[in-house]
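Under this note's numbering, the first residue of the sequence shown carries the number 56, and numbering increases by one thereafter.
Backbone N, C-alpha and C fix where the C-beta goes; we use that ideal spot for every residue, glycine too.
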Amino acid sequence: MWQDVLDKIENDPEAATSADLTGLLLLDESEYVECLFRAAYRVKEKHIGRIVHLRGLVEVSNRCLCDCYYCGLRSSSRGVSRYRMTADEIIESALWAWRKRYGSVVLQAGEVRDTGFVEFIGNVVAEMKSRSRGELGVTLSLGEQDRASYTRWFKAGAHRYLLRIESSDEALFKTLHPAGNDFTARKNCLNMLRDVGYQVGTGVMIGLPGQTAEHLANDILFFRTMDIDMLGMGPYIPHDGTPLAASAGDYEPGIRFNLALRMIALCRLVMPDINIASTTALQALNPQGREMGLLAGANVLMPNITPGKYRNDYDIYPGKPCVNDSPEECAASLVGRIHAMGETIGFDKWGDSPHAMERL
Ligand code: 5AD
């Protein structure tokens, strides 16, 4: 019975097997789904508390060398107006978040690998650390890089890095990326980041064409084996004009959304003390998506603080919420909604996961 499986995992997260998780992803009784979310929320309360950490997300640049089949910013996407924020704009955005007491920011960009970019980011990170008196936490999400670049940025003061594996199944990964993107290289980057000293986050897209419940169950076990500190996962959202959107989408939006919430809940049960983000893609499919993610066990929100003039151009997938709001408006509505749920916000805190704290 599903109750027994849920109890087993809640009491002993290490005991979860691929077959257990596959079964729990597929099961579709409303009573069960309620129980799953409640169990995940209990685990979050116990290990993390009813506290949400905010990361101000700065979409630094949409220039990208990669040509991933799912992404609106892929290098062969025509009609994307490519931009890179200036150093001052990035630093101003980050300091805005610091003054709003967010505690930390995420700098995200398409993948670029030249020395000019590496220096640019290194200098920007160092500057935002010093101008915030070292108080602002800095997370990077800048794709696959070499060890020297990761090290340069770590020394500049960044302490967390997000690099999604997209799918932990090598064959599925291959259907998402051109030959130049290698699964093993991506995995090696995750290990290298850990080695350099970062707290490491990864994640997958959920509801991809060709993706099965078993793939997703094995993704969860992959996260556990990799001993990751943070997770960011969201539903796959087809972007017109990309090759993957042209291949028959296997899942309806509602199914992708529900699967994404279950993934969050199951990851919370299996990895009780990591940080799990309730991602913007959830809200793209449901106006209450991010709150529902928090109720399913997530504990991190990433309000978009990219300056308005660039927002429309960071067009990874369609339907991103808040693209027409200012950072100020985004923040105000989000904070109100969190309080309404009875959770508090970890103002002024980096909000590192207990998992990372124990390891470091
Ligand atoms: N739908 C959902 N998520 C996407 N991403 C890229 N394209 C899409 C899409 N069409 C996610 C990837 C990437 C992150 C920055 O955005 O997982 O790592």
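Item                                                                                                                                                                                      : Value
Any idea which residues DSSP pairs R110 with across the strands?                                                                                                                          : S159
Between the alpha carbons of S333 and M285, how many angstroms are there, rounded?                                                                                                        : 11 Å
What separation, rounded to the nearest whole angstrom, lies between the Cα atoms of R323 and S204?                                                                                       : 32 Å
Identify, in the order they occur along the chain, each residue of the same chain with its Cβ nearer than 6 Å to the Cβ of D122, setting aside the five sequence neighbours on each side. : R129, S130, S131 and P233
Please enumerate, following chain order, all residues with a beta carbon closer than 6 Å to at least one heavy atom belonging to the ligand ADP.                                          : As presented, the structure is devoid of the ligand ADP, carrying the ligand 5AD as its sole ligands.
State the CB to CB distance for the pair A213 and L195, rounded to an integer number of angstroms; the pair is presumed to be in contact (CB under 8 Å).                                  : 5 Å
Compute the distance between the beta-carbons of I400 and A315, then report whether it is under 8 Å.                                                                                      : no
Compute the distance between the beta-carbons of Y138 and Y306, then report whether it is under 8 Å.                                                                                      : no
Once you ignore the five residues that flank I275 on each side, which residues in its own chain have a CB closer than 7 Å to its CB?                                                      : L76, L321, C322 and V325
Skipping 5 residues on each side, what residues in its chain have a beta carbon closer than 7 Å to that of Y369?                                                                          : E114, N117 and T361
With H, G and I counted as helix, E and B as strand and the rest as coil, what does DSSP make of Y216?                                                                                    : strand
Cβ of R241 within 8 Å of Cβ of E199?                                                                                                                                                      : yes
Of all the alpha helix (DSSP H) runs that stay within the bounds of the region 213 to 291, which reach a length of 4 or more residues?                                                    : 225 to 231, 238 to 251 and 268 to 280
Thinking just about the alpha-carbon of each residue, which of L263, Q254 and R202 is nearest to the one in L231?                                                                         : L263
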